[in-house]
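> Residues 320 to 668 in this note's numbering are what the sequence shown spells out, letter by letter.
Positions of the beta carbon are idealized from the N, C-alpha and C atoms, including for glycine.
Only a predicted model underlies this, so the values are computations on that prediction, with no experimental measurement involved.
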Amino acid sequence: MKRESLLGAVALSLLLACGGPPKPPETPAETPPDTGATPSATPKPGPTEGPVAASTSDDVTKGTAAIKAGDWNAARASFEAALTKNPKQADAHYYLGLVMDKTGDRAAAEKHYREALAIQPDFPEPAENLVALLVEGQKYEEAITIAKKVLAKNAKNAEMQLNLAFALSGKGDVEGASKAFDDAVKLAPNDARFYLGYAQHLAAAKKTDEAIAKLKQAQRVAGDDPGMLASVALEQKNLRDFQSCVATLDHAIKLKDAAELRVYRGHCKLGLKDLPGALAEFQAAVGKEPNSAPAYYSLGGALADSGKLKEAIGSWEAYLKLAPNGPLAKQAEAKIKKAKELLAKGGKK
């Protein structure tokens with residue numbers, strides 16, 4: 320079983336074969352997006368690999384089957400039943416922690432990961448997930464302590480080495496984190512996530528050229544994984560390496576022509592000041608996914624920049640219809656108001 324990764328920035332809704340990083344924020348499109356902003360100062364830890372040892376009870380077996388089927392409620396009920404019968408089942412605590420983690424109850428997840436480790440101290444998966452949670456909660460010292468303890472017993476645990484690197488990066492130990500990332504990529508030289516995390520760390524440390532180089536390595540290792548390629552492209556965009564961003568997305572879109580990827584490539588083309596190219600991307604995204612609110616918002620911006628205010632208003636209104644409480648609803652309303660004022664004053668049609 321895997322704990323869902325927070326590494327990178329691609330939507331799960333892409334339904335691509337990737338590690339599942341989260342969706343990037345929607346970016347206004349009427350001007351090139353502010354991609355000069357520093358990427359997240361704290362790179363996010365990666366997922367944990369499983370599975371664990373053979374199940375200790377029928378309830379645990381049922382629970383793991385429910386996880387595989389995506390039935391988190393049934394999984395939770397099974398693991399809770401297992402622990403009611405025998406609270407000393409380390410694997411039941413681990414899996415229940417995984418369920419709570421997946422469903423957003425991080426405090427409960429942490430509790431059950433700790434319970435699993437209290438019963439079975441050498442249990443790697445809950446240790447890896449606990450360290451990841453601690454890094455996300457900015458509890459770097461404890462994360463580092465646990466990670467080093469695990470690595471002292473198993474120096475080849477690549478996931479824990481990666482999490483140690485994230486913890487050191489979050490703490491602000493640039494050199495220590497860089498060494499930890501070096502060690503991590505040596506353990507997993509064919510995993511693009513490791514190079515991507517290293518690049519995020521270097522970007523946060525203002526080592527832009529080195530970060531771009533790591534992204535090139537990530538792109539090469541990602542191969543034909545469109546989701547991971549999109550994650551790499553977004554980091555290239557953040558570093559204002561727009562040419563590489565477009566090239567990476569060219570490859571990804573050949574593999575999986577998804578609306579989100581078109582939107583991302585459109586913003587990278589805006590970074591290159593290619594407004595016609597960006598407009599074409601956003602139009603293609605809307606055509607592919609008529610219910611994609613971000614595509615309509617971005618299309619509205621590109622239309623406004625092209626002087627087509629009435630069409631821009633229509634796109635922003637489409638965004639509001641699809642996402643009335645969306646993250647850019649207020650911005651869309653403000654842009655509609657401004658565009659109407661410009662039209663009233665004789666602005667472009």
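Helix or strand or just coil, what does DSSP make of residue 439?
Note: residue 439 maps to coil in three-state DSSP.
> What does a CB cutoff of less than 6 angstroms around residue 389 pick up in its chain, not counting 5 residues either side in sequence?
Excluding residues within five positions, none has a Cβ falling inside 6 angstroms.
> Please identify the residue among 621, 559 and 571 whose C-alpha is closest to the C-alpha of residue 522.
For the residues 621, 559 and 571, the minimum Cα distance to residue 522 belongs to 559.
> With H, G and I counted as helix, E and B as strand and the rest as coil, what does DSSP make of residue 505?
In this structure, residue 505 counts as helix in the three-state DSSP scheme.
> Taking the Cβ atom as the reference point for each residue, do residue 528 and residue 574 lie within a distance shorter than 9 angstroms?
No; because the gap between Cβ atoms is not below 9 angstroms, this pair is not in contact.
> Rank 605, 555 and 421 by C-alpha distance to the C-alpha of residue 579 and give the top, closest one.
Of the candidates 605, 555 and 421, the one whose C-alpha sits nearest the C-alpha of residue 579 is 605.
> From residue 633 to residue 466, what does the alpha carbon distance come to, in whole angstroms?
The straight-line gap from Cα to Cα measures roughly 52 angstroms.
> To the nearest angstrom, how far is it from the Cα of residue 506 to the Cα of residue 514?
Approximately 12 angstroms, taken between the alpha carbons.
> Any heavy atom of the ligand NAD closer than 8 angstroms to the CB of residue 662?
Among the ligands in the structure shown, none appear at all, so the ligand NAD cannot be discussed.
> Determine the closest residue to residue 599 out of 382, 592 and 618, with distance taken between C-alpha atoms.
It is 618 whose Cα lies nearest to the Cα of residue 599.
> Out of curiosity, what's the CA-to-CA distance linking residue 538 and residue 504?
Each residue's alpha carbon lies about 14 angstroms from the other.
> Please tell me whether residue 613 and residue 582 are closer than 9 angstroms, where the distance is taken between their beta carbons.
Their beta carbons are under 9 angstroms apart, which means residue 613 touches residue 582 by this criterion.
> Whose C-alpha, out of 524, 602, 550 and 397, is nearest the C-alpha of residue 621?
Out of 524, 602, 550 and 397, 602 has the C-alpha closest to the C-alpha of residue 621.
> So, helix, strand or coil for residue 569, using DSSP?
The answer is helix: DSSP assigns residue 569 an H, G or I state.
> When you compare only the Cα positions, how much space is there between residue 557 and residue 534?
So the two alpha carbons sit approximately 11 angstroms from each other.
> For residue 626, does the three-state DSSP call read helix, strand or coil?
Three-state DSSP puts residue 626 in coil, outside helix and strand.
> Is residue 665 helix, strand or coil by DSSP?
Residue 665: coil per DSSP, three-state reduction.
> Let's test the definition: count the other Cβ atoms within 10 Å of the Cβ of residue 338 and tell me whether it reaches 16, buried, or not, exposed.
For residue 338, the predicted model reports a pLDDT of 32, less than 50, meaning its position is unreliable; a value from the coordinates is still stated below. Buried, by the Cβ-count rule.
> Measuring straight from C-alpha to C-alpha, what distance separates residue 438 and residue 584?
Going from the Cα of residue 438 to the Cα of residue 584 covers about 49 angstroms.
> Is the distance from the Cβ of residue 516 to the Cβ of residue 484 below 9 angstroms?
Yes.
> If I follow the unbroken alpha helix (DSSP H) through residue 403, where does it start and stop?
That run of the alpha helix (DSSP H) goes 391–404.
> When the Cα atoms are used, what is the spatial distance from residue 674 to residue 393?
Any property of residue 674 remains undetermined from this structure, which presents the chain solely from 320 to 668.
> In chain order, what are the residue ranges of uninterrupted alpha helix (DSSP H) at least 4 long that sit wholly in the stretch 605–652?
Listed in chain order, the complete alpha helix (DSSP H) runs (minimum 4 residues) inside the stretch 605–652 are 612–624 and 628–641.
> For residue 425, tell me which candidate among 443, 625, 444 and 455 has the shortest Cα-Cα distance.
Closest by alpha carbon: 455.
> If contacts are defined as beta-carbon pairs under 8 angstroms, then residue 428 and residue 441 qualify, I think. What distance do you get, rounded to the angstrom?
20 angstroms between Cβ atoms; not a contact.
> Report the residue from 450, 665 and 475 whose alpha carbon sits nearest the alpha carbon of residue 482.
Nearest C-alpha to residue 482: 450.
> In whole angstroms, give me the CA-to-CA distance for residue 489 and residue 436.
Cα to Cα, residue 489 sits roughly 24 angstroms from residue 436.
> Is it true that the CB of residue 470 sits closer than 9 angstroms to the CB of residue 462?
No, Cβ-Cβ distance for residue 462 and residue 470 is not below 9 angstroms.
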